[in-house]
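J.:
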Amino acid sequence: MAELFPELSDSAGKVESSLMAAEPLQTALGQRPQQGAWFIKRDDALAVAGSIKARGGFHEVLALAETLALEDGLLTPAGDRRVLASARARQLFATHTVAVGSTGNLGLSIGVLAAALGFQTVVHMSADAKQWKKDRLRARGVHVVEHTGDYAKAVAAGREQAQGSPRCHFVDDERSQALFLGYAAGAHHLALQLRMAGRQVDAAHPLFVYIPCGVGGAPGGLTFGLKTIFGRDVHCFFAEPVASPCMLVQLASGSHEPVSVYDIGLDNRTEADGLAVGQASLLVSQLMASQLSGVFTVPDDRLFLDLLNAKQTMGIELEPSAAAGIGGPTWFTASPEGRSYLGTHDIDIAAATHVIWATGGSLVPPREHRRFQERARGLISKE
Ligand SMILES: Cc1ncc(COP(=O)(O)O)c(C=O)c1O
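According to numbering that gives the first Met the number 0, the sequence shown is numbered sequentially starting from 0.
Structure (structure tokens):
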């Protein structure tokens, strides 16, 4: 990775994000230290792809490159993986296509890495995908196919195209285990960071994690990883837009059959493009039924207000999807449901660590950030 992307030379090729204490944000939102300690996990600043989707996307593309190189004899099982960035590997990968369907950020992750390795790359984008994300991919030689329908249609189109072609690998955001495991690996790093920050996690010192959810792969993988490490001592919550609560709908239905937000009369229209998903991944929802502590929904206006809060108190610029988790800790102590959860689990919130997962933003063009922040200011002046 360091050979492909000069910006990774300092981290020796590792793509990881920092864990930042978030006291100024906590105070600005009216929460006291007695309500636990706040942190922000900065996946908004993950190098190269600028979003949480890099965790799964990079893992799947690298695993594919490794498999093809092993099959070709270019790489031996114990061999140096740097051969994957060689000219011979590029020649091999140029005869293969990587395809993906995305609302934007998965496409960016897959597109950037697959193109850098030399694969032919096709990204099927939904109508929600932002223009700058499409432009950025095209500038890197990625073939972007635009669909008028929603995210599920973009995924279905990509899956169908790949089926007829043996040299085409489709990265399936709804069903891929490789993606899921890539996200899950992030849990290990968070555990290490919490230890380094002196935050103990056990029954008396619970960990609360709030993660924005689209199709469910990224937050589901992280939850799976965190539950593997911390068991009952971690409480994971997903944050979804009011118009697109696909994981909430699927889990609340109690069914293994797909149930979408359209089935309950919602329109899946939200400014949180990364979370504009009508149907959750069934692979993930089935795992989450026993692991997830809950889901809360966030109105779009709140996303803008919270991204402005993050900017003003922490200097962090988030995209709307990435701000969805910010309301988590407050919702917890301010709502009857949140307080009832604490009572049922006999939790002393003062000893808790709250981790708000910020999931995207560093690649967003400055003019878009200005637009987001202006929208929030407009909401405040109306109040
Ligand atoms: C910024 C951002 N946050 C969160 C998510 C949610 O990830 P998932 O769709 O895997 O649930 C996405 C998905 O694209 C995203 O772009």
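Every residue gets a Cβ at the ideal spot worked out from N, C-alpha and C, and that includes glycine.
(1) Mind reading off the beta-carbon distance from Val354 to Phe207? Whole number of angstroms is fine, and I expect it under 8 angstroms.
(2) Check whether the Cβ of Val154 sits closer than 8 angstroms to any heavy atom of ligand 1, and report yes or no.
(3) Buried or exposed for Ser334, please, with buried defined as at least 16 other CB atoms from any protein chain shown within 10 angstroms of its CB.
(4) Helix, strand or coil for Val167 per DSSP?
(5) With H, G and I counted as helix, E and B as strand and the rest as coil, what does DSSP make of His413?
(6) Between the Cα of Arg81 and the Cα atoms of Ala186, Met246, Glu2 and Ile263, which residue gives the shortest distance?
(7) Looking only at its chain, what residues have a beta carbon closer than 7 angstroms to the beta carbon of Thr312, apart from the 5 residues adjacent to it on each side?
(8) Cβ atoms of Leu341 and Thr329: under 9 angstroms apart, would you say?
(9) Can you tell me which of the three DSSP states Pro205 falls into?
(10) Please name the residue, chosen from Leu61, Leu362 and Ile263, that lies closest to Glu316 on a Cα-to-Cα basis.
(11) Going by DSSP in three states, Cys245 sits in which element: helix, strand or coil?
(12) Please tell me whether, using a cut-off of 8 angstroms, the distance from the CB of Ser50 to the nearest non-hydrogen atom of ligand 1 is below it.
(13) With DSSP as the reference, identify every bridge partner of Ile355, one or two as the case may be.
(14) Using the C-alpha atoms, what's the distance from Ser164 back to Arg383?
(15) Report the residue ranges of all alpha helix (DSSP H) runs contained in full by the stretch 228-273; include only those spanning at least 4 residues, in chain order.
(16) Figure out for me which residue from Gln278, Ser243 and Ser280 has the closest Cα to the Cα of Asp266.
(17) By how many angstroms is the C-alpha of Glu336 removed from the C-alpha of Thr343?
(18) For the candidate residues Phe57, Phe92 and Val276, whose alpha-carbon lies nearest to that of Leu73?
(19) For Gly213, verify whether its CB is less than 8 angstroms away from any heavy atom of ligand 1.
(20) So does the stretch 184-193 actually touch the stretch 222-234, counting three or more Cβ pairs closer than 8 angstroms?
(21) Measuring only the C-alpha atoms, how far is Ala375 from Glu70?
(22) Mind checking which residues open and close the alpha helix (DSSP H) that includes Gln25?
(23) Just to confirm the assignment, what range does the alpha helix (DSSP H) spanning Ala155 have?
(24) Hey, Gln290 and Thr222 are a contact pair by Cβ (cut 8 angstroms); roughly how many whole angstroms apart?
(25) What span of residues does the beta strand (DSSP E) with Gln119 cover, start to end?
(26) Return helix, strand or coil for Ser334, following the three-state DSSP convention.
(27) Among residues of its own chain, excluding the 5 on either side of Ala21, which ones have a beta-carbon nearer than 6 angstroms to its beta-carbon?
(28) Quick check on Ala128: does DSSP put it in helix, strand or coil?
(29) Does ligand 1 have even one heavy atom less than 8 angstroms from the beta-carbon of Ser8?
(30) Less than 7 angstroms between C-beta atoms, sequence neighbours within five positions excluded: which residues of the same chain meet that for Thr269?
(31) Would you say Tyr209 touches ligand 1, meaning its beta carbon is less than 8 angstroms from a heavy atom?
T.: Walking through what the data contain:
(1) Here residue 354 refers to the residue found at position 355 when the sequence shown is read from its first residue. Here residue 207 refers to the residue found at position 208 when the sequence shown is read from its first residue. With a Cβ gap of about 7 angstroms, Val354 and Phe207 count as contacting.
(2) For the purposes of this step, residue 154 is taken as residue 155 along the sequence shown, with counting starting at 1. No, Cβ of Val154 sits at least 8 angstroms from all heavy atoms of ligand 1.
(3) Position 335 of the sequence shown, counted from the first residue, corresponds to residue 334. With fewer than 16 Cβ atoms within 10 Å of its Cβ, Ser334 is classed as exposed.
(4) Looking up residue 167 in the sequence shown gives position 168. Note that residue 167 corresponds to Cys in the displayed sequence, not to Val. Residue state, collapsed to three classes: strand.
(5) The question about residue 413 has no answer, for the chain in this structure spans 0 to 382.
(6) The residue labelled residue 81 in the question sits at position 82 within the sequence shown. Of the candidates Ala186, Met246, Glu2 and Ile263, the one whose C-alpha sits nearest the C-alpha of Arg81 is Glu2.
(7) Residue 312 sits at position 313 when you count from the first residue of the sequence shown. Closer than 7 angstroms at Cβ, skipping near neighbours: Pro23, Leu24 and Ala27.
(8) The residue given as residue 329 occupies position 330 in the sequence shown. The residue given as residue 341 occupies position 342 in the sequence shown. Cβ atoms of Thr329 and Leu341: not closer than 9 angstroms.
(9) Here residue 205 is taken as the residue at index 206 of the sequence shown, counted from 1. Note: Pro205 maps to coil in three-state DSSP.
(10) As a position in the sequence shown, residue 316 is number 317, starting the count at 1. Looking at the Cα atoms, Leu362 is the closest of the given residues.
(11) As a working mapping, residue 245 is identified with position 246 in the sequence shown. In the structure shown, Cys245 sits in a helix (DSSP, three-state: H, G or I).
(12) Locating residue 50 in the sequence shown gives position 51, counting from the first residue. Under cutoff, so the answer is yes.
(13) Against the sequence shown, residue 355 aligns to sequence position 356. According to DSSP, Ile355 bridges with Ile39 and Tyr209.
(14) Beyond the ends of the chain as shown, which are 0 and 382, falls residue 383; an answer cannot be given.
(15) Secondary structure within the stretch 228-273: the alpha helix (DSSP H) runs of 4 or more consecutive residues, fully enclosed, are 245-252 (chain order).
(16) For the purposes of this step, residue 266 is taken as residue 267 along the sequence shown, with counting starting at 1. Nearest of Gln278, Ser243 and Ser280 to Asp266, Cα basis: Ser243.
(17) The sequence position of residue 343 within the sequence shown is 344, counting from 1. The sequence position of residue 336 within the sequence shown is 337, counting from 1. Taking the straight line joining both Cα atoms gives about 10 angstroms.
(18) Counting from 1 along the sequence shown, the entry for residue 73 is found at position 74. The option with the nearest alpha carbon to Leu73 is Phe92.
(19) For this step, residue 213 is matched to residue 214 along the sequence shown. Yes, the Cβ of Gly213 comes within 8 angstroms of a heavy atom of ligand 1.
(20) yes
(21) Residue 375 sits at position 376 when you count from the first residue of the sequence shown. Residue 70 sits at position 71 when you count from the first residue of the sequence shown. Approximately 52 angstroms between the Cα atoms of the pair.
(22) Here the question's residue 25 lines up with position 26 in the sequence shown. Where Gln25 is concerned, the enclosing alpha helix (DSSP H) stretches over Glu22 to Ala27.
(23) For the purposes of this step, residue 155 is identified with residue 156 of the sequence shown, where counting begins at 1. Ala155 -> alpha helix (DSSP H) spans Tyr150 to Gln162.
(24) As a working note, residue 290 is residue 291 in the sequence shown. As a working note, residue 222 is residue 223 in the sequence shown. That pair is a contact at about 5 angstroms.
(25) Stepping through the sequence shown from its first residue, residue 119 is reached at position 120. Taken as a continuous stretch (DSSP letters only), the beta strand (DSSP E) holding Gln119 covers Gln119 to Met124.
(26) Counting from one through the sequence shown, the residue named residue 334 turns up at place 335. Coil at Ser334, not helix or strand.
(27) Start at 1 with the first residue of the sequence shown, and residue 21 comes out as number 22. So the qualifying residues of the chain are Trp37, Phe38 and Ile39.
(28) Mapped onto the sequence shown, residue 128 falls at position 129. Coil, per DSSP.
(29) Looking up residue 8 in the sequence shown gives position 9. Checking the Cβ of Ser8 against ligand 1 gives no.
(30) Taking the sequence shown and counting its residues from 1, the one referred to as residue 269 is at position 270. So the qualifying residues of the chain are Pro240, Ala242, Ser243, Ala275 and Asp299.
(31) Against the sequence shown, residue 209 aligns to sequence position 210. Outside the cutoff, so no.
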